[in-house]
Structures are given as structure tokens and as C-alpha cells.
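Chemist: Dropping a structure here in C-alpha cells format, bear with me for questions.
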Amino acid sequence: MCITTENIVDTASGANFDDVSIRHLHLNLKVSFEEKVFHGVAELNFTVHNNTDKIILDSRDLKINSIVYLSESLKFITNPNGVMGQTITIVTPLLTKGSEGTLKIHYTTDPDASALQFISKEQTIDKKAPYLYSQCQPCHARSIVPCMDTPSVKQTYTANVFVPKGFTVLMSAISNGECKNKDENCNAYSFYQPIPIPSYLLAIVVGYLEKRDISDRCAVWSEASIIDKAHNEFIDTEKMLTAAEEVLGPYKWGRYDLVVLPETFPFGGMENPCCTFVTPTLLAGDKSLTNVIAHEIAHSWTGNTVTNANWEHFWLNEGFTVFAERKIIGRLNGENMRQFEALSGWESRLTVAVNEVFGPHHEFTKLIPNLNGVDPDDAFSTIPYEKGSALLMYLEQIIGNFQRFEQFIRDYIIKYEGKSITSYEWKDFLYDYFHDMHDVLNKVDFEKWFNSPGMPPNTPVYEGSLMSRCRRLANNWIDATDECLDKPYFAEANIFNSMSSAEKDTVLDYIRQSDKKISIKKVEKLTELYKLDETENCEIIMSWLRIGLKAEWEDIIDPTLKFVTKYGRIKYIKPLYNILFSWPPSKDRAIETFKKNKPYMHPITAHVVEQMLPRD
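Quick note: the sequence shown, position 615, residue 615 per UniProt numbering, numbers continuous.
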């Protein structure tokens, strides 16, 4: 099923999806851990929109063995497509508008497929068996299956997956359980996804996995040694899902399961339908980092149900999801926490990304950047998340009726359910919906919001009581001389310990971002008083490491190198390696550490770090 805006252009795809679109995909996959490949058969059911004599699919390093249509083998040509891999042009008989058909493609993936990470049993948490997981967003599904790898094309899918005995398979679909299989050395699993999804939501994980139920529709999966910890950490998932339904409407995907992946996973979470992937860095032991789950749950509506038509409109996925995530947090933890998270996003993420990471005139600081010729992975940042969320919060405030704006979000999801849209379609719906408030909306400079680099033209109004408490504590540390650190005030940790994880992180970030130099003695005192070197909270660890590096505390180099070796989450790895590479005492060791660890990193993470390597 192709659900796309007329004449939409997706420069990240070479597929001719205006002429033909895939409406259903059936996969037969045999997983080979020895070869680190899939041996696959893909059946692509397609619909023709314009008369054509070819079908063009996206690919990346796939070995195509044969393509069959109506029992006849078809000729095909593979052509390079720049940084986006290759295209496969399949020569067909004349396909007439309105007709349907099925292609059957036998193929094998490459051992270095960009969407897949095969890891040895030594790299897993339990060290009992190898493990495999995928990450297809934004444009890596083409390395798993020949497809129309654009969010403008959505298809249902079914799959049969064959794996060695003892392994469990999960996918971004509903499981039919194990199915009949003639090979006694294999387990076979069957899946179906009845809701059309874009290719980037295709997902698979294979490993020695255990399950713990959270509710009738929620469960958590992980390796055996951490399953109880994961279950305790995510026990409130059903409560979050119920709160999300209050904000966004009924949940339509059936299951909402979580899979805790190995430490190499490059993201905090990935919103694969029915089966969200999460990083083990969320296992802080006190549920303090589970806001990520609220974010991934919200994607079930904003992103998975209503989808950006191409990656230039990525804020329609992520800005909406951050806005919805914070609405969920507000339902569960109070409006003051929602306001705190939003203000923190503006100050600590958006402002830093615009002014420090990119610079205020950079193309990637636009809400709708021009990505022609750009790998969407290279443009990835917090900009679409926080700038997009800020726009929605600003609109909510100027409209002045929070309940009506929430209903607008729900009605937006209903109107565009199953579709892939652009920012301009969303804007048209906004104007249609608030037809009685055009005088208010006309004061919003949408052209600047969408297409101007830098900070937004308007700032939402934030309630800042929690932020003020963080600032006061941080300023006490910033203003203190080394001699003051022995006073009783700096022997009392109650205020810090009473804060949420996000508040603690904000305190540490304020200290780090101060213009005043941080002394090594001050870092040592912070470490001792707040036990920063003992916490299991990776957000706090990250902030502590960055403070130590800014203070040029050489004792922090070893724990930082250990951290970037253990974890693959780009949010942590990228800024830490950036500092390590630029500081002479750590530079050579950091380069050596990366090169030694690169074969064990996820391909996406390794690519990000490799782009940062010093060129001298």
C-alpha cells in the first residue's frame, strides 16, 4: 500500500514509488550466524499507479540471485546510488495503471549489512550464545531486503524466520509462535503485521531471550541474567500506555512489548511496532530513566501511525512524539514536571545543538532542512525533536485551550492515520481545524519556524520552579571557591538526592556549562558528596564524565574510555569521543580505543565516531 503525498520527493530513495508501490511484503529468512547473513526470499505484492515497464527498488550490498514475475525470470540492473547504496532496476512487461502483481526475489544479505549487528556470545550480557538485532531507521532496511526504502511507502508484512535450535525470534509484528519446520536443527517462527508500516519499522532480534509479562498486552524480553531487573525497571509500562491513550486515543497495535538489547545498541529506544527496542543504559535500578519508554510509546501514534513523508519532515515524527511524551509525563508526574522537561529541552538540548554543535546558520538547524545528497544519518540531531516540540507547545499556548489542542492532536491522528505527510499538509489541517482562530495563527511566522536556521522565532512560556531549584544548587557550586568546599553546606547531599534524575542531570549540566573554570578539587568534591562514581544511572555518569573532562581531570580518562567501550549509545559516545579526541592527554588513547573496539561496535555508531577522528 502506497500512502504518499502526490509528487513528494525523497532524495534518500531511488525507488519509483510514484509509479509502483509495495502493498504487502512476505519474507522467508534463514539466519546464519556463521556467515553473518540472511538467506532470504522476499515476495513483494505491488500496485501500479502509472503505466510503466520497470520497478526500481532500493538496495545496499544485497546479492540478488533471481527475480521472478508470473513464473518468468526478469532481467535487472544494479546501479550505485551514492551514499545511499544501490538501486535495482527490474525490467518488467508493461504494467498498466491499476494492475497488481507479485515479485519473488531470492537474495542474500552482506556480512556487513548496515542494518544488522551480529555479535558473538562474548559480547552479550550472558555470554551463552551469539545475538542479532536490526536497526533500519532511517534508510537501512534496504540492506536487509530489496524494498522501497522511503517513509512514503507503507506495507503490511508477514514473515517466517528460521534460526538454530534454542534461539528466540522477535519482530516488529505479532508473533504466531513457532511453526512447522522440516529441519530438526532449526526453530521456525511466524509473524504478521496487519497494519501498513514504512520500511524503517521492519525489525528483528534473535537471541537467547526470556520473557516477563507486565500486563495482558505488555511484556519485557531480555537475556536471562537481567530479566528480573528489566521487569522491575519497566513495571509501569502499562500505566504509561494507558496515559498515552488518554492523550492520543486508542492503542491499535495489539501488543506493546519491550526488548532490552545488548550494550552496543546505538539509540535509547527504537519504536518498532509491537516490539520496542531499548538500550540497557535505561536499567538504572530505580525507574529514573523510563521517560524513554513514554517517548517510544507515543511513537505508536506519531511516527508509526502518522509518518513523515520524507526525512526532511522528520520533526513530524519526533517533535510530535516529544510533545506527546511530555504530555504523558504530565499525566503521571504532574504538570510541573512536564514544564521542567520542556524547559530543559529548550535550554540544554535545543540551544546547545543550535549554538554549539552546528552553529546558528547551519542547514541542519532548520526544522525542514534540505537533505538533497545528504545521508539522513549525518543530519541526525536533537533539532527536530526539540524545535518541533517547542512549536507545538507555543501553538498550544497561543490557542489558549489545552483540552482543545489535545483534541486537535487526536483528530490529526485520526485524519492522517496510515498516511505519510509533509509539514505543509499538517499546517493546512491546523488552519482548517482552528478555522475560528486564523487571526491568532496568522501571527505565527511558519516560514521562519520551518525554513530559517537557528533558534525559533518565538519562545514558549515555561513554568520554571523546578528549574530554579536546579539553578540555585548549581550556582552554589559554581560560585564556591575551593576554600569554601570544606564548609558544612558542601557536606550535605539531601537536596541533590531528593531530585529526579532529570533534575540531577540539569544541576550537573549547569555546572559544566558555566563560563567559570571548574577546578579539579570541585570535581573531586562533587564526585565524593554525590557518589557520582557509584551510580548506575548512565545519564548521571555521562554528566559526571563531561564535567571531569572539562576540568581537565586526568583521573577521568580511564572511566571515560571504559564507558565508551562498554556502551554504544550515540547520545553518549559522540560527545565523549569528541572531547577525548580534542584533548591532548586523551587523544592518542581515545583513537587507539576506538580502532580496537570498532569491529565490535554497531555499524551506525562506528560510522558516527569515524567521521570525528582527528585528520592530522
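Heads up, the beta-carbon is just placed ideally off N, CA and C, and yes, glycines get one too.
Could you have a look at VAL145 and say whether DSSP puts it in helix, strand or coil?
Modeler: Coil at VAL145, not helix or strand.
Chemist: So does SER348 have its beta carbon nearer than 6 Å to some heavy atom of the ligand MN?
Modeler: Among the components modelled here there is no ligand, and therefore nothing to report on the ligand MN.
Chemist: Is it true that the segment 441-458 meets the segment 326-336, where meeting means three or more beta-carbon pairs spaced less than 8 Å apart?
Modeler: Judged by Cβ distances under 8 Å, the segment 441-458 makes no contact with the segment 326-336, as fewer than three pairs qualify.
Chemist: Once DSSP output is grouped into helix, strand and coil, what is the label at TRP221?
Modeler: Looking at TRP221 - three-state DSSP - the assignment turns out to be strand.
Chemist: Write down the C-beta distance between PHE277 and GLY285 rounded to the nearest angstrom, noting that I regard them as a contact closer than 8 Å.
Modeler: In fact, because the Cβ distance is near 20 Å, the residues do not count as touching under 8 Å.
Chemist: Who are the Cβ neighbours of LYS443 in its own chain at under 8 Å, not counting the five residues just before and after it?
Modeler: Same-chain partners within the cutoff: ILE398.
Chemist: Look at PRO457 and ASP445 and say whether their C-beta atoms are less than 7 Å apart.
Modeler: Yes.
Chemist: Is the distance from the Cβ of residue 623 to the Cβ of THR11 below 7 Å?
Modeler: Lying outside 1 to 616, the shown extent of the chain, residue 623 is not represented and no answer is given.
Chemist: Among the candidates LYS128, SER152, ALA42, whose CA atom is the shortest distance from the CA of TYR208?
Modeler: Of the candidates LYS128, SER152, ALA42, the one whose C-alpha sits nearest the C-alpha of TYR208 is LYS128.
Chemist: Leaving out five residues on either side along the sequence, give the residues of the same chain with a beta carbon under 8 Å from the beta carbon of THR5.
Modeler: Low confidence applies to THR5: its pLDDT is 42, below 50, so where it sits in the model is not reliable, and the reading given next is rough at best. If we look at THR5 and ignore the five residues flanking it on each side, its Cβ neighbours are SER152, ALA309, SER420, ILE421, THR422, GLU425.
Chemist: Using the Cα positions of TYR256 and ILE174, report the straight-line distance between them to the nearest angstrom.
Modeler: Cα to Cα, the separation comes out at about 10 Å.
Chemist: How far does the alpha helix (DSSP H) with GLN397 in it reach, from first residue to last?
Modeler: Segment 383-399, the alpha helix (DSSP H) holding GLN397.
Chemist: Measuring only the C-alpha atoms, how far is TRP566 from LEU613?
Modeler: Correcting the residue identity first, residue 566 is Lys in this sequence and not Trp. In a straight line, the C-alpha of LYS566 is about 19 Å away from that of LEU613.
Chemist: As an exercise, report each continuous beta strand (DSSP E) stretch of at least 3 residues that is fully enclosed by the segment 271-328, in chain order.
Modeler: Counting only runs of 3 or more, we get 275-278.
Chemist: Ignoring anything shorter than 3 residues, give me the beta strand (DSSP E) runs that lie fully in the segment 41-104, in order along the chain.
Modeler: With a minimum length of 3 residues, the continuous beta strand (DSSP E) runs that stay inside the segment 41-104 are 52-59, 63-69, 76-80, 86-95.
Chemist: In angstroms, rounded to a whole number, what distance separates the CA positions of ARG546 and ILE557?
Modeler: Their Cα atoms are separated by approximately 10 Å.
Chemist: Just how far apart, CA to CA, sit ASP58 and TRP311?
Modeler: Rounded to the nearest angstrom, the two C-alpha atoms are 16 Å apart.
Chemist: Just how far apart, CA to CA, sit TRP346 and LYS387?
Modeler: Their Cα atoms are separated by approximately 8 Å.
Chemist: Cα separation between ALA491 and THR527?
Modeler: Whole-angstrom Cα-Cα distance: 12 Å.
Chemist: Using 7 Å as the threshold, is the C-beta distance between PHE162 and LYS30 below it?
Modeler: Yes.
Chemist: Report yes if the CB atom of GLY85 is closer than 7 Å to the CB atom of ARG60, and no otherwise.
Modeler: Contact: yes.
Chemist: Opposite ILE174 in the DSSP bridges: which residues?
Modeler: Per DSSP, TYR192.
Chemist: By how many angstroms is the C-alpha of CYS139 removed from the C-alpha of VAL608?
Modeler: Using only the alpha carbons, I get a separation of about 15 Å.
Chemist: Quick one, are the C-beta atoms of THR92 and GLY14 less than 7 Å apart?
Modeler: No, the Cβ-Cβ distance between THR92 and GLY14 is not below 7 Å.
Chemist: Rounded to whole angstroms, what is the Cα-Cα separation between PRO603 and MET499?
Modeler: Near 37 Å, if we compare the C-alpha coordinates of MET499 and PRO603.
Chemist: Please report how far the alpha carbon of LEU391 lies from the alpha carbon of ALA590, in whole angstroms.
Modeler: Going by the C-alpha atoms only, they are around 39 Å apart.
Chemist: Whole angstroms are fine: how far does the CA of TYR157 sit from the CA of PRO196?
Modeler: So the two alpha carbons sit approximately 8 Å from each other.
Chemist: Kindly indicate which three-state DSSP category GLN117 falls into: helix, strand or coil?
Modeler: Correct three-state label for GLN117: strand.
Chemist: Among LYS165, LEU201, GLU210, which residue has its Cα nearest to the Cα of ALA188?
Modeler: Comparing Cα positions, the closest option is LYS165.
Chemist: Beta strand (DSSP E) containing HIS24: first to last residue?
Modeler: 20-32 is the extent of the beta strand (DSSP E) around HIS24.
Chemist: Could you compute how far the alpha carbon of CYS2 sits from the alpha carbon of PRO384?
Modeler: Interpretation of CYS2 is limited by its pLDDT of 41, a score under 50 that renders its predicted location unreliable; the figure taken from the coordinates is listed afterwards. C-alpha separation (whole angstroms): 25 Å.
Chemist: In terms of residues, what are the limits of the beta strand (DSSP E) holding GLY334?
Modeler: No beta strand (DSSP E) contains GLY334, which DSSP labels as neither H nor E.
Chemist: What's the gap between the Cα of LEU170 and the Cα of LEU466?
Modeler: Rounded to whole angstroms, LEU170 to LEU466 spans 41 Å at the Cα level.
Chemist: Identify every run of the alpha helix (DSSP H) within the segment 223-259, keeping only runs that are complete inside it and at least 4 residues long; order them along the chain.
Modeler: Counting whole runs of 4 or more residues, the segment 223-259 contains the alpha helix (DSSP H) stretches 227-233, 237-248.
Chemist: Does the Cβ of VAL20 have 16 or more other Cβ atoms within 10 Å, making it buried, or fewer, making it exposed?
Modeler: VAL20 is buried by the Cβ-count criterion.
Chemist: Using three-state DSSP, classify PHE358 as helix, strand or coil.
Modeler: Three-state DSSP puts PHE358 in a helix.
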